[in-house]
Every structure is written in structure tokens, then in C-alpha cells.
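Novice: Sequential numbering of the sequence shown, starting at 195, is according to the working numbering.
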Amino acid sequence: MVEPVKEMAPDLPCILYYFFFFLLLPSSLVAQSNGNVKVGDSLTAGDEAAPWLSPAEDFAFGFRQLGQKDLYLLAIWYYKIPDKTIIWFANGDRPAPKKSTVKLTAELGVVLNNPQGGEIWNSGPGNGEAASGFMNDTGNFLVANENGEKFWQSFDFPTDTLLPTQIMGKGGNLSSRLSETNFSRGRFQFRLIGDGNAVLNTNNLRTGSPYDAYFWSNTVDSGYQVVFNESGYLYVLRANNEREPLTLGSVVSATENYHRATLHFDGVFVLYSCPKNSSGTERWSVVRTMPENICINVSGKLGTGPCGYNGVCTIIPDQRANCSCPPRFSLLDPDDRYGGCKPDFPTQVCAEDVPNAPEDYELEEVDNTDWPFSDYEMYTRYNVEDCKKACLQDCFCNVVVFNEETCWKKKLPLSNGRQDASVNRVSFIKVRKGNYTLPGPPPIPKKNRGRLVLVVSVLLGGSVFFNFVLVGVVSFAFLFFYHKKFTRTPQVERAVQSNLRCFSYKDLVDATNGFKEEVGRGSFGIVYKGLIQIGSGVPVAIKKLDRFAKENDKEFKTEVDAIAHTHHKNLVRLIGFCDEGQHRMLVYEFLSNGTLASFLFGDVKLSWNQRTQIAFQIARGLLYLHDECNSEESGDRAILTYWAYDCYQAGMMHALVENDEEALDDMEKFERFVMVAVWCIQEDPNLRPTMKMVMLMLEGIIQVDVPPSKSIHLFLAMDSEFAFSFLLLFFVVSLRSVICQTSGTVNVGESLVATGQSPPWLFPSKDFAFGFRQINENDDFFLLAV
Numbered sequence: 195m196v197e198p199v200k201e202m203a204p205d206l207p208c209i210l211y212y213f214f215f216f217l218l219l220p221s222s223l224v225a226q227s228n229g230n231v232k233v234g235d236s237l238t239a240g241d242e243a244a245p246w247l248s249p250a251e252d253f254a255f256g257f258r259q260l261g262q263k264d265l266y267l268l269a270i271w272y273y274k275i276p277d278k279t280i281i282w283f284a285n286g287d288r289p290a291p292k293k294s295t296v297k298l299t300a301e302l303g304v305v306l307n308n309p310q311g312g313e314i315w316n317s318g319p320g321n322g323e324a325a326s327g328f329m330n331d332t333g334n335f336l337v338a339n340e341n342g343e344k345f346w347q348s349f350d351f352p353t354d355t356l357l358p359t360q361i362m363g364k365g366g367n368l369s370s371r372l373s374e375t376n377f378s379r380g381r382f383q384f385r386l387i388g389d390g391n392a393v394l395n396t397n398n399l400r401t402g403s404p405y406d407a408y409f410w411s412n413t414v415d416s417g418y419q420v421v422f423n424e425s426g427y428l429y430v431l432r433a434n435n436e437r438e439p440l441t442l443g444s445v446v447s448a449t450e451n452y453h454r455a456t457l458h459f460d461g462v463f464v465l466y467s468c469p470k471n472s473s474g475t476e477r478w479s480v481v482r483t484m485p486e487n488i489c490i491n492v493s494g495k496l497g498t499g500p501c502g503y504n505g506v507c508t509i510i511p512d513q514r515a516n517c518s519c520p521p522r523f524s525l526l527d528p529d530d531r532y533g534g535c536k537p538d539f540p541t542q543v544c545a546e547d548v549p550n551a552p553e554d555y556e557l558e559e560v561d562n563t564d565w566p567f568s569d570y571e572m573y574t575r576y577n578v579e580d581c582k583k584a585c586l587q588d589c590f591c592n593v594v595v596f597n598e599e600t601c602w603k604k605k606l607p608l609s610n611g612r613q614d615a616s617v618n619r620v621s622f623i624k625v626r627k628g629n630y631t632l633p634g635p636p637p638i639p640k641k642n643r644g645r646l647v648l649v650v651s652v653l654l655g656g657s658v659f660f661n662f663v664l665v666g667v668v669s670f671a672f673l674f675f676y677h678k679k680f681t682r683t684p685q686v687e688r689a690v691q692s693n694l695r696c697f698s699y700k701d702l703v704d705a706t707n708g709f710k711e712e713v714g715r716g717s718f719g720i721v722y723k724g725l726i727q728i729g730s731g732v733p734v735a736i737k738k739l740d741r742f743a744k745e746n747d748k749e750f751k752t753e754v755d756a757i758a759h760t761h762h763k764n765l766v767r768l769i770g771f772c773d774e775g776q777h778r779m780l781v782y783e784f785l786s787n788g789t790l791a792s793f794l795f796g797d798v799k800l801s802w803n804q805r806t807q808i809a810f811q812i813a814r815g816l817l818y819l820h821d822e823c824n825s826e827e828s829g830d831r832a833i834l835t836y837w838a839y840d841c842y843q844a845g846m847m848h849a850l851v852e853n854d855e856e857a858l859d860d861m862e863k864f865e866r867f868v869m870v871a872v873w874c875i876q877e878d879p880n881l882r883p884t885m886k887m888v889m890l891m892l893e894g895i896i897q898v899d900v901p902p903s904k905s906i907h908l909f910l911a912m913d914s915e916f917a918f919s920f921l922l923l924f925f926v927v928s929l930r931s932v933i934c935q936t937s938g939t940v941n942v943g944e945s946l947v948a949t950g951q952s953p954p955w956l957f958p959s960k961d962f963a964f965g966f967r968q969i970n971e972n973d974d975f976f977l978l979a980v
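1. For residue 291, does the three-state DSSP call read helix, strand or coil?
2. Between the stretch 612 to 625 and the stretch 477 to 495, can you find at least three pairs of beta-carbon atoms closer than 8 Å?
3. Kindly indicate which three-state DSSP category residue 871 falls into: helix, strand or coil?
4. So, at 8 Å on beta carbons, what are the nonlocal neighbours of residue 266 in its own chain, with the 5 sequence-adjacent residues on each side left out?
5. Less than 6 Å between C-beta atoms, sequence neighbours within five positions excluded: which residues of the same chain meet that for residue 578?
6. Under 8 Å, with one C-beta from each stretch per pair, do the stretch 534 to 544 and the stretch 563 to 580 reach the 3-pair mark?
7. Check whether the Cβ atoms of residue 247 and residue 329 lie closer than 8 Å to each other.
8. Which first and last residues belong to the alpha helix (DSSP H) in which residue 313 is found?
9. With a floor of 3 residues, list each beta strand (DSSP E) that falls wholly inside the stretch 492 to 580, ordered by position along the chain.
10. Whose CA, out of 694, 255, 705, 738, lies closest to the CA of residue 714?
11. Taking one C-beta from the stretch 461 to 468 and one from the stretch 510 to 526 each time, how about it: are there three or more such pairs within less than 8 Å?
12. Confirm the yes/no value for this check: CB of residue 598, any heavy atom of the ligand SAH, distance under 7 Å.
13. Mapping the DSSP letters down to three states, classify residue 732 as helix, strand or coil.
14. Are residue 586 and residue 555 touching if we call contact CB-CB under 8 Å?
15. Is the beta carbon of residue 518 less than 8 Å from the beta carbon of residue 565?
16. Alpha carbon to alpha carbon, how far is residue 522 from residue 450? Give it in angstroms, no decimals.
17. Could you give the C-beta distance for residue 890 and residue 870, rounded to a whole number, given that I count them as a contact under 8 Å?
18. Residues in the same chain with beta-carbon distance under 6 Å from residue 963, minus the five sequence neighbours each way, listed in chain order, please.
19. Quick one: grab the DSSP three-state call for residue 806.
20. Rounded to the nearest angstrom, what separates residue 466 and residue 481 at their Cα positions?
21. To which residues does DSSP link residue 469 through a beta bridge?
22. Buried or exposed, going by whether 16 or more other CB atoms sit within 10 Å of the CB of residue 278?
23. Within the same chain, show all residues whose beta-carbon is closer than 7 Å to that of residue 626, passing over the 5 residues directly before and after it, in chain order.
24. If we ignore side chains and look at the alpha-carbon of each, how far apart do residue 859 and residue 812 end up?
25. Decide if residue 520 is buried, meaning its Cβ has at least 16 other Cβ atoms within 10 Å, or exposed.
26. How long is the line joining the alpha carbons of residue 977 and residue 375, rounded to whole angstroms?
27. For residue 387, which beta-bridge partners are listed by DSSP?
28. Tell me which same chain residues have a C-beta within less than 6 Å of the C-beta of residue 594, skipping the five on either side of it?
29. Among 438, 529, 313, whose alpha-carbon lies nearest the alpha-carbon of residue 411?
30. Hey, out of 282, 358, 371, 406, whose CA is closest to residue 426's CA?
31. Which term fits residue 351, buried or exposed, when burial requires 16 or more other beta carbons within 10 angstroms of its beta carbon?
32. To the nearest angstrom, how far is it from the Cα of residue 324 to the Cα of residue 237?
33. Quick check: the Cα distance between residue 406 and residue 495, rounded to an integer number of angstroms?
34. Please tell me whether residue 457 and residue 377 are closer than 8 Å, where the distance is taken between their beta carbons.
35. Would you kindly check if the distance between the Cβ of residue 368 and the Cβ of residue 386 is under 8 Å?
36. Considering just the uninterrupted stretch of the alpha helix (DSSP H) at residue 890, what are its terminal residues?
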């Protein structure tokens with residue numbers, strides 16, 4: 195499939211590091227140009243050693259830093275042209291931390307290890323015979339034995355790019371990146387499938403399973419190979435040796451120009467050429483794009499399309515996708531225009547107790563726009579006014595599309611959105627009337643950041659899907675974290691007054707109809723549902739605090755200020771407060787789907803995917819609070835993590851999710867979560883990961899190494915990492931499963947009652963107990979604890 199080895203030598207990745215370390219001379223910083231790499235040569239991410247170059251210095255092999263992060267990609271790239279275009283990479287899904295090393299070994303070929311020595315990636319078995327590596331001038335890196343026989347070559351494992359002299363057989367594929375700067379596997383593939391067709395298709399981002407094709411080569415039953423020849427022509431070779439060209443027309447000379455074919459993150463497959471001159475102004479020129487209009491051609495029933503869910507795709511002159519959001523929608527990720535959009539208003543829901551009457555909504559018109567295949571109902575012989583009326587009166591309808599006496603009603607999320615002159619339809623998007631935004635605090639002033647450690651009580655507010663978390667987590671999280679007192683200046687106090695609305699006691703009595711509807715209780719007070727008169731009425735959750743006496747007025751205002759200065763998409767906004775006489779109350783945005791406890795312990799059980807998403811969002815909220823608000827330790831302790839640790843040590847993690855088929859089918863992710871939790875309770879603080887590292891490990895971006903077996907901290911104060919380990923397991927472990935002990939087991943269906951008299955469930959050693967603990971002797975509040 196690839197040209198024979200002309201010269202064999204040490205492995206490219208390895209040479210950089212060993213060359214730098216072994217010589218320790220200025221010459222070690224000068225790139226080598228013979229392409230040879232020896233067994234034992236290595237390279238370190240972040241060092242100043244030059245990359246390993248091909249003989250003509252056209253290509254380089256080494257580490258490329260990802261943006262401003264201390265994460266690196268092991269890659270091959272064009273060395274001479276200004277933008278240093280990457281054409282192959284080894285660890286797109288698992289970027290390597292700074293000081294990671296790559297080494298050529300006889301046993302495993304090219305091996306990439308993290309700074310602790312854990313393996314991130316290897317090229318494949320060297321069977322103890324790998325002797326050398328070679329970076330050649332075609333952009334192919336080879337590993338061979340002493341006789342020059344190839345064990346491995348990068349051309350056999352393409353990522354998102356094909357190069358001249360590269361051949362892709364049946365079953366071969368390219369996978370796009372997730373975004374321009376994220377090298378994880380993306381949403382599009384170029385494949386030579388079993389029937390001989392070369393196709394472009396969307397795919398399931400999680401599993402990689404292909405969806406519908408949006409381009410094909412018309413070589414059914416005859417296609418044999420995809421060939422990019424040395425002259426720069428790309429074609430499908432038929433079994434009878436006829437060619438089906440993918441390059442149209444003539445191409446510029448390969449002697450004087452570079453050529454490549456890249457599948458971009460937006461699904462466009464582009465053939466490029468670039469002059470080899472050394473003027474420093476070389477730029478890639480487009481030879482052909484496939485398909486010609488990505489916005490229109492991608493139209494399968496599954497997948498998101500080029501612009502993500504709810505996004506709108508328009509084609510730009512270079513035939514790439516340009517993405518935008520519909521009116522009153524904004525990007526899910528402000529840094530990713532292709533990642534989809536979310537509504538900036540509360541969408542209508544079909545619930546009688548939520549103020550979202552049809553008259554509260556109106557329709558925004560968008561011409562030449564459609565989201566095909568998102569329909570749930572269609573009407574014929576309707577005029578445009580009938581069509582609009584049908585949507586406004588339907589609480590399920592989010593968008594209605596009209597064309598020639600036919601209208602289609604659609605629900606969120608919408609997929610494959612496109613806007614083009616050829617789309618002879620008009621869309622109407624249902625939005626909340628007026629500028630429906632809740633008042634909230636401004637960005638955090640650095641000098642006045644509170645010491646609030648975790649307001650998981652107001653977690654996940656930006657996601658409609660997780661609206662159930664408000665009240666339960668409010669009470670739960672405050673049990674674990676201590677708010678450090680600090681002296682407030684008059685200026686800070688005035689800032690609180692101006693950033694939050696100060697309600698009178700009568701305002702909140704009226705809003706709650708005399709504190710009539712209780713929605714939750716916690717150790718610090720009772721939470722009531724109310725409706726305050728902002729615009730057409732805003733549902734709120736009002737928490738009456740009972741631990742602040744009048745003499746603690748300053749402490750109350752300090753805590754209000756701390757909460758007010760937390761501003762994050764995963765934290766519910768604090769709207770205002772009441773500080774009148776003996777009345778101390780906090781007014782939050784109301785989230786309508788009930789308490790967290792009802793989902794964790796009630797009849798409705800969250801799916802595995804829902805629980806893992808909650809864990810991710812908790813980590814993001816905690817990362818924000820940890821970085822911005824500087825955590826303080828608390829004296830509380832929680833031992834759920836140790837129970838999970840016992841199961842992990844005993845190899846019985848399946849018992850933690852017994853009868854949870856979704857979790858059992860995804861044990862790799864579950865094991866990763868448990869290992870992260872165990873790392874968070876290491877006795878040596880230096881071994882515990884930062885919350886930033888926790889996020890990367892949870893998402894699978896960084897490998898989670900096996901934690902030490904005998905160094906967990908059994909009496910650890912509640913710092914933020916330990917608290918997160920508890921919360922992480924609390925969400926992903928099935929609390930209804932059988933506790934993984936050989937004695938003292940608890941069977942499904944058994945229960946405890948919070949009375950103070952019910953005996954707890956004991957661990958086998960009787961060192962620990964699981965049950966209810968009364969918080970104070972003088973009240974009826976209990977903590978479920980270990």
C-alpha cells in the first residue's frame with residue numbers, strides 16, 4: 195500500500211527527546227534532516243528540541259501544542275509552509291500533558307507516555323524486533339526491523355488527510371476533527387465501503403457508527419481502492435483498473451507543489467495544492483470541494499448536520515459551512531460556532547402549573563430556512579396564518595415551516611438546519627414575548643470574590659434538561675461547605691444592594707401566597723415556590739433561612755454577596771434577597787422539574803447518560819467555584835467514596851450499578867469515574883488532581899491511571915476535590931444496588947426511616963455505618979450519611 199523503505203533508522207518521536215537529553219549540546223536544538231530514528235530515541239512534549247524532519251525537510255514529526263493549553267498532539271505536519279499544516283496525529287482523543295514522552299521501542303514500536311509513565315498510545319507490536327524508524331519525504335513515518343521489513347506506517351492509519359502515494363483499501367476511512375482546534379473524532383467520515391463506493395457520511399459521535407451518506411463516487415460493485423497518486427490525482431480504482439476521478443480537470447505539478455486531501459470538521463472534503471517555493475507566502479489553493487453545498491447535501495434523518503442541533507448553515511464562497519443561530523438563540527459553546535445553539539428564553543412546556551400560556555409567545559419569521567426531518571405533524575391546505583395559529587396553540591410546537599399550503603410542526607432539537615435561496619420555505623420560530631431575561635449579577639470583580647466553596651445548590655441552571663436539581667442540591671451541598679467570613683467594605687455592601695433585588699417581606703409573602711407551596715427542606719431552612727412580578731411573572735424558589743439571627747446580619751450579607759458573585763452557566767442565578775427584621779430569605783430562579791432527591795431515590799430513575807451528564811456539569815460548576823472563589827475546608831466527612839473504593843479494590847464494581855443495564859453496558863466510562871473519585875481522596879495532597887484535570891479525565895481527554903492501592907485518606911476534611919468525589923459517585927452509583935460486601939449486604943427493597951431510632955446498615959467490619967444522622971438535637975432534620 196505504501197512505497198518501500200529506502201532508509202531505516204530510529205523512530206521519529208523518540209529521537210527528539212533522547213537526542214535532546216543525550217547530547218545536551220546546542221546542536222541538539224538543530225533539526226536533523228536524514229529522517230532516521232534509532233530504538234531508544236525519544237522526544238519530550240514542551241522541550242525546545244526541534245522536531246524530527248524528513249530528508250528534504252518537507253515534513254516534521256513531533257509534538258504540537260494545542261492552543262494555550264499545556265496539552266500536546268503527537269503529529270506529522272508540513273514543515274516548510276507558514277501554517278505548518280498537520281496531516282496526521284496519534285492522540286487526538288487523548289492529548290498528552292506537558293513533559294509527556296514519545297519513544298521508539300523494540301517491543302511496541304512508537305510509544306507515547308504521560309509524565310508519570312502511563313501509556314497514552316502505541317503504534318503496535320514490534321515483537322521485540324523493531325529496529326528503526328524513518329520519516330520520509332512523502333509524509334509517511336515507518337517502523338521496520340533490521341531487514342527493512344515494515345511493522346507499521348502512518349499511511350495505514352490515516353486521520354483526516356490523504357497524501358500523494360497514499361492508498362486506502364476497502365474498510366479504510368478518514369474521520370474529521372471535532373472542530374478546528376479539537377482533534378477528537380468528529381461527526382463526518384470518508385470511507386471506501388464494502389460495495390465499492392467511496393462515500394462521505396455523518397456518524398454517531400459517541401460510537402462512530404455511520405449514518406446516511408451525503409456524497410458517493412458511483413462505483414458500486416466495482417470500486418477497489420482510493421488512490422492518491424504521486425502526480426496529485428485522487429481517484430477510485432475499479433477492479434478492472436479503470437479510474438473514477440475525484441480530482442476534476444488538470445492539477446498543478448507535484449514536483450513544484452504540495453498536494454493533500456482533507457476531510458474538514460464541517461464535513462467538506464477538500465483537495466488542495468500549495469507551491470513549494472520558499473518565499474514565505476505559500477498558501478493552500480482549493481482544487482475541488484465535495485460536496486459542492488454541504489448545507490443542502492447533508493440531509494439525513496440522524497445526526498446534527500454541519501452546524502449542530504438548532505444551528506443554521508449557510509454556504510460561503512469557498513464552499514465551506516458558515517454557522518449561525520436562529521433569532522433569540524445563542525451558541526451552546528461561545529467558542530464553537532459549529533457546536534449547536536440553545537434558546538435564550540424559556541421554551542413553552544405542557545404543564546398547567548407553569549406560567550407559559552400561548553399569549554406569552556410569538557413567532558419570529560425566518561425566510562429560506564428549513565430543518566428537514568424534525569417534523570412531528572404536517573397539515574395540508576393551510577394558509578400561512580392557519581399554520582402560525584396551529585403552532586401557537588400547540589405547547590409542543592417550537593417551530594413551524596410553511597410552503598405552498600403545507601406546514602410542518604417541529605420540536606427541539608432541530609437538525610440539519612440550512613438557509614439558502616433554493617430553500618423555498620419560510621420558518622416561524624416560537625419565542626417568548628419581550629426581552630425575557632432574569633436579573634442577575636454582573637461578571638465577578640476580582641478583588642471582591644467570595645470564599646464560597648460550592649454552590650452546587652444552584653447548579654446546572656443553564657440546561658432545561660437538568661432543571662430538577664435546584665432545591666435538592668441547595669440543601670445537600672451546603673452541608674459540606676463552609677462560607678468563610680470576611681470584612682466587607684461599604685463599597686462591597688453597596689454592590690450587593692445594586693446587583694441584586696432587595697425584596698420586602700411582604701413582597702415574598704405575596705409572591706408565595708403566604709408561603710403556601712413548599713417544594714423542599716434543608717438543614718438551613720424551607721424552600722417555597724413563588725411568582726414575582728417581573729414582566730409577565732417569573733417563577734422563583736424562595737428559601738427561608740433559619741440559622742441567621744439578627745446579630746448575624748453582617749454574616750448574612752456576606753453570604754449573599756458570595757453567592758451573588760458566582761456567575762456561571764451551570765449555576766442557577768440568585769435574583770435577590772430579603773433582609774427585614776428577623777426575616778432572612780434568598781430568591782432564586784425556579785427550576786420546574788422537582789427535587790433532586792425525587793430522582794435519586796424516587797420511582798423515576800435517571801438514565802445512565804443523564805447521571806453522567808450531571809456529573810460533568812457538577813465538575814464544571816465546581817471547577818469554576820474552585821478556581822474563582824478559592825475553597826475552604828470543612829470539618830464534615832463523607833464515606834460514600836470509600837464504599838465505592840472497597841468495591842473497586844475487590845474487583846466488584848459491577849455491584850455498584852447492579853440492575854442498571856445502561857451503566858453495565860458502559861463499564862469503561864463507569865470505571866473511569868470511580869478511578870477519578872479514588873484519585874480525589876488520595877492521602878498525599880500532591881497526588882490529588884486539580885479540578886481542571888478532573889474535568890479532562892472525566893471527558894476522556896486525559897488518561898486516568900490506576901490509583902495507588904493503599905493511600906486513600908480515611909479521615910479527610912471536606913476539601914473541594916474530596917467533595918467532588920462524593921458527589922460524582924452519588925450521581926453515577928446506583929444507590930439501590932446491593933452494597934458490595936460479603937456480609938452486611940443490603941438487598942433491593944430494604945429501607946431506613948429518618949426517626950433517630952432506626953438502626954443503620956453496618957459495613958462488614960462494623961467500622962462504618964450507613965443511615966440517617968440527626969443534624970441537631972433540637973430539630974427534625976436528618977443527614978443521609980456514612
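Glycine included, each C-beta is placed from N, C-alpha and C at the ideal position.
Specialist: In short:
1. Correct three-state label for residue 291: strand.
2. Yes, they touch.
3. In the structure shown, residue 871 sits in a helix (DSSP, three-state: H, G or I).
4. Once the five neighbours on either side are set aside, the close Cβ partners of residue 266 are 239, 240, 257, 258, 259, 260, 289, 290, 291, 292, 294.
5. Correct list, in chain order: 596.
6. Fewer than three beta-carbon pairs drawn from the stretch 534 to 544 and the stretch 563 to 580 are found closer than 8 Å, and the two stretches are therefore not classed as touching.
7. In this structure, residue 247 lies near residue 329, with their beta-carbon atoms less than 8 Å apart.
8. From DSSP, residue 313 is part of no alpha helix (DSSP H) but of the beta strand (DSSP E) over 313 to 316.
9. Scanning the stretch 492 to 580 for uninterrupted beta strand (DSSP E) segments of 3 residues or longer gives 506 to 509, 515 to 518, 523 to 525, 535 to 537, 555 to 561, 569 to 574, listed from N- to C-terminal end.
10. Considering only alpha carbons, the answer is 738.
11. Using a C-beta cut-off of 8 Å, the stretch 461 to 468 makes contact with the stretch 510 to 526, since at least three inter-stretch Cβ pairs fall below that distance.
12. Absence of the ligand SAH is noted for the structure shown, with no ligands found whatsoever.
13. Here residue 732 sits in strand by DSSP.
14. A contact, by the Cβ cut-off of 8 Å.
15. In this structure, residue 565 does not lie closer than 8 Å to residue 518 by Cβ.
16. A straight line joining the alpha-carbon of residue 450 with that of residue 522 spans about 50 Å.
17. Not a contact, Cβ separation roughly 10 Å.
18. Contacts found: 954, 956.
19. Helix at residue 806.
20. Straight-line Cα distance between these residues: approximately 5 Å.
21. Beta-bridge analysis with DSSP links residue 469 to 451.
22. Residue 278 counts as exposed, since fewer than 16 other C-beta atoms from the protein chains shown sit within 10 angstroms of its C-beta.
23. Shown here for residue 626: same chain residues with a beta carbon closer than 7 Å to its own, the five before and five after excluded, namely 539, 540, 554, 555 in chain order.
24. Answer to the nearest angstrom: the Cα atoms are 23 Å apart.
25. So residue 520 ends up on the buried side.
26. Those two C-alpha atoms are separated by around 45 Å.
27. Bridge partners of residue 387: none, in fact.
28. These residues qualify, in order along the chain: 581, 585, 601, 603, 622.
29. For the residues 438, 529, 313, the minimum Cα distance to residue 411 belongs to 438.
30. Distances from the alpha-carbon of residue 426 to those of 282, 358, 371, 406 put 358 closest.
31. It counts as exposed.
32. Whole-angstrom Cα-Cα distance: 18 Å.
33. Taken atom to atom, the span from the alpha-carbon of residue 406 to that of residue 495 is near 8 Å.
34. With a cutoff of 8 Å on beta-carbon distance, residue 457 and residue 377 are scored as not near each other.
35. No, the pair does not count as a contact, with Cβ atoms beyond the cut-off.
36. For residue 890, the enclosing alpha helix (DSSP H) has its first and last residue at 885 to 892.
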